[in-house]
Structure formats: C-alpha cells, structure tokens
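Going by UniProt numbering, the first residue of the sequence shown is number 1, and it counts up by one from there.
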Amino acid sequence: MEFLKTCILRRHACTAVCFWRSQVVQKSSARKISTTSSRSTVMPAWVIDKYGNNEVLRFTQNMMIPIIHYPNEVIIKVHAASVNPIDVNMRSGYGATALNMKRDPLHIRTKGEEFPLTLGRDVSGVVMECGLDVRYFKPGDEVWAAVPPWKQGTLSEFVVVSGNEVSHKPRSLTHTQAASLPYVALTAWSAINKVGGLNDKNCTGKRVLILGASGGVGTFAIQIMKAWDAHVTAVCSRDASELVRKLGADDVLDYKSGNMEEQLKSLKPFDFILDNVGGSTETWALSFLKKWSGATYVTLVTPFLLNMDRLGIADGMLQTGVTVGSKTLKHFWQGVHYRWAFFMASGPYLDDIAQLVDAGKITGRMAKREHDRSKDALEESSNEDSASN
C-alpha cells in the first residue's frame, strides 16, 4: 500500500512539474526574439503621447516588445513600413472615439490609456514567433499585412498581428515595395469585391468609373479592374493621366479641364462607380449609372468616424445609420445601389492580391509610386502644420 501511495504521489508531482515547465517554456519563448540585444525587452518605435500636429511624434528606444496574447497571433520583425493618410489623420485624433471603443469596449480604461500609440498600418517583414493555433506560417516566413487602426502600428521594430490578417509576401516585390501596398489594396478590394460584388468571374465587359483614380486606392483599383477585364474610365488631373493610362485605364478624364458632368454625358452609362473623392460628387455621380440593372455606386469617403468624434458613440452611430439608410433607400427607388465601403484587414484577400502581383497583373511601378507617396505624406503634413501655425 505504501508503495502504491508513493507511485501515485510521484505521478502527480511529475504531472505538476511537467505542466509548470510547459508554461514557462511557452512564456519565455515569446520573449526569445532577436533584437539589437539578445536580452532586450524593448525596441525602437515612432509613437505619439497625445494627439496633435507633427511635433507630437516621438522616437523612442524603449517601447516594449509586443508579446503574443492569443493563440492565433504572430509577431513580425518589421523590414519595411509605410505612412498612409489615415496615419496622419489618426495623429491628429481623427476617429479616436470609435477606435478607443474598439480597443476597450467595456470602457475599463481611463481616457488617454491608448498612449503611447504607434502609428503605421502597412508592414512587410519576417515572422519571428507564432501562436499555438497558427497553422499557415512559421518563423522565418516573409509576410506582409495591413494592421487595423485600433491596434498598435508598424512604425516599430516588431509588431503583433492576428494570423488571419497576414499573408505571404509576393515573391516579385522587395520588402520596401510590398510595404506600400496592403492598406490601399485591401481598401480597394473591400470596395470592389466585398461591397461592390465584382470579381474575376462577373467583371468582363463591365463599365467602371473611378473618381480620384491617381491616388493609392485608385491606382490599385484600375489594375484590379483591368485584371478582371473591365472597361475603366479614370478621372484624375492632367499631370497624372500618363500614370493611369500606363496602369491600364481605357479612358482618362481631366477634372480640371471643364465641367465633369458634361464630359461624362458623352460616355455610355456605367455599371460600377468607385468614389475616392467624396464631397459634392455623389450629388451627380449616381446619375451616370445604368438604371435598374444592378449598377452600384461605392464611396470610401464617409462621415462615420467624424460623426462619432463629434456626437459621441450613441448619437454618432444613430446619425450614421440614418444617413446611410436614407441615401440607400432614395437611390434604390431610382434604380441604382448606394453603398459605403471601408478598409478591411484580411490575410486571404492579400493572398489573392499577392497572386495578381506575382502574375504581373499589378505592377511594381505602382508599388514604387506608393512608396514615394508614403515617404512624402508626413513631410507634406508637416509643411501644412507649419503654414497653419
């Protein structure tokens, strides 16, 4: 009997020790990441400690290295990151109400606890660590991703993202080129495919109008529409007309050369309109859609975040719902569809985009242009801030 008790106790002790060791190994492995110092728990990053102009940007060497909190997360060592207009707007506090609600839905934290906040949405780099449920990636994989704006950004040495937000980087692009694409590509993909319902099987011969065609989303949209055999009419300024033609646009209209409505009246109606401009364009753009044929107008310029910043969460959401609902019904009875679209982080969508890039359907020329635009974004913002002060 004593021998049996001893065996049982030893077995329980062994189980407890093994369980304790497995936890320690998992916890320590999340910290075994190669940095400038083998024992470092901090990293360099660009952060803000409050909202404001460019002077709130701060470079620090002491940002904590992110760790894996959920089994579907991966840690990426950043090789390249880029700056988008959303980063410049977030620096100024745009969307803070909605984004803080997403970060802390139960309102447990006090105001300002999102700081220090790292900006940057695009990343291209190498996987350093994977959560237990990650099956499609392993340490050493070259990947790219677009990080949702409520998460810590990519202007740092490491970033943690969900596995379903990551994709293998296109083999034909460098890290610098790849880092210029994910956010604008996914924004365009969301508008065209998820909201607009277009894909490679139903797009052939469709007439597409892209307003604001020379921007990041517009240049990507041209290429994806041409890859799916649509007829694309691009609206941009004259100095960008050569670019959009090289990207595949069939017709190019200069919005500075005269009345835009008069220029469009000479063309056949469209099956799909993507609006990257907003403002007064939606008051006349929908009249150029084919009536009662399933034609759709999708705008990426919406008052959703501004409503919540201005009115608060409840009233802002109510105002947003009333606005989009009334416009949708109004245009439905006129025979066309009216939709809003937003950026959507998606690894599977990036998989499809990577295939198009490697197949040459989306060119490196656009990636280089976006890289140049990314480098200039904060500088332009800085000049605007200086002029306003």
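Don't be surprised by glycine CBs; every beta carbon is placed ideally from N, CA and C.
Residue range 57 to 64 is occupied by the beta strand (DSSP E) that includes LEU57. When rounded, the separation of the alpha-carbon atoms in ILE108 and GLU114 is 12 Å.
For the pair GLN263 and ASN307, the Cα-to-Cα distance works out to about 34 Å. In the DSSP annotation of this structure, the continuous segment of the alpha helix (DSSP H) that includes GLY316 starts and ends at 313 to 332. Rounded to the nearest whole angstrom, the CA to CA distance from GLY216 to THR154 is 19 Å. Cβ atoms of THR302 and TRP340 come within 8 Å of each other, at about 5 Å. The straight-line gap separating the alpha-carbon atoms of THR176 and LYS256 is approximately 33 Å. Under the three-state reduction of DSSP output, PHE158 falls in the strand class. Inter-residue distance for ALA221 and VAL147 is about 20 Å (C-alpha atoms, whole angstroms). A distance of 8 Å or more separates the beta carbons of VAL42 and ILE67.
In this structure, the alpha-carbon of VAL252 lies about 14 Å from that of ILE273.
Following the DSSP letters along the chain, one finds ILE76 in no alpha helix (DSSP H) but inside the beta strand (DSSP E) bounded by residues 73 to 82.
Residues TYR338 of the same chain have their beta carbon placed closer than 7 Å to that of LYS327, with the five preceding and five following residues left out of the count.
The C-alpha of ALA230 lies about 28 Å from the C-alpha of VAL166.
As computed with DSSP, GLU129 is found in a beta bridge with ILE75.
By the Cβ-count criterion, THR296 is buried, with 16 or more other Cβ atoms from all chains shown falling within 10 Å of its own Cβ.
Judged by their CB atoms, ILE75 and PHE158 are nearer to each other than the 8 Å cut-off. Only exposed fits ARG310, as fewer than 16 other CB atoms lie within 10 angstroms of its CB. The beta-carbon separation of VAL123 and VAL78, rounded to 6 Å, stays under the 8 Å limit for a contact.
For GLU165, the three-state secondary structure derived from DSSP is helix. With a 10 Å radius around the Cβ and a threshold of 16 neighbouring Cβ atoms, GLN152 comes out buried.
Distances from the CA of LEU211 to each of ASN202, ASN53 and ALA234 were compared; the closest alpha carbon is that of ALA234. Judged by DSSP secondary structure, PHE220 falls within the alpha helix (DSSP H) whose first and last residues are 216 to 227. Between GLY163 and GLY131, the C-beta gap is smaller than 8 Å, which places the two residues in contact.
Taking CYS203 as the centre and dropping the five residues before and after it, the same chain places the C-beta of MET225, TRP228, ASP229 and ALA230 closer than 8 Å to its C-beta, in chain order.
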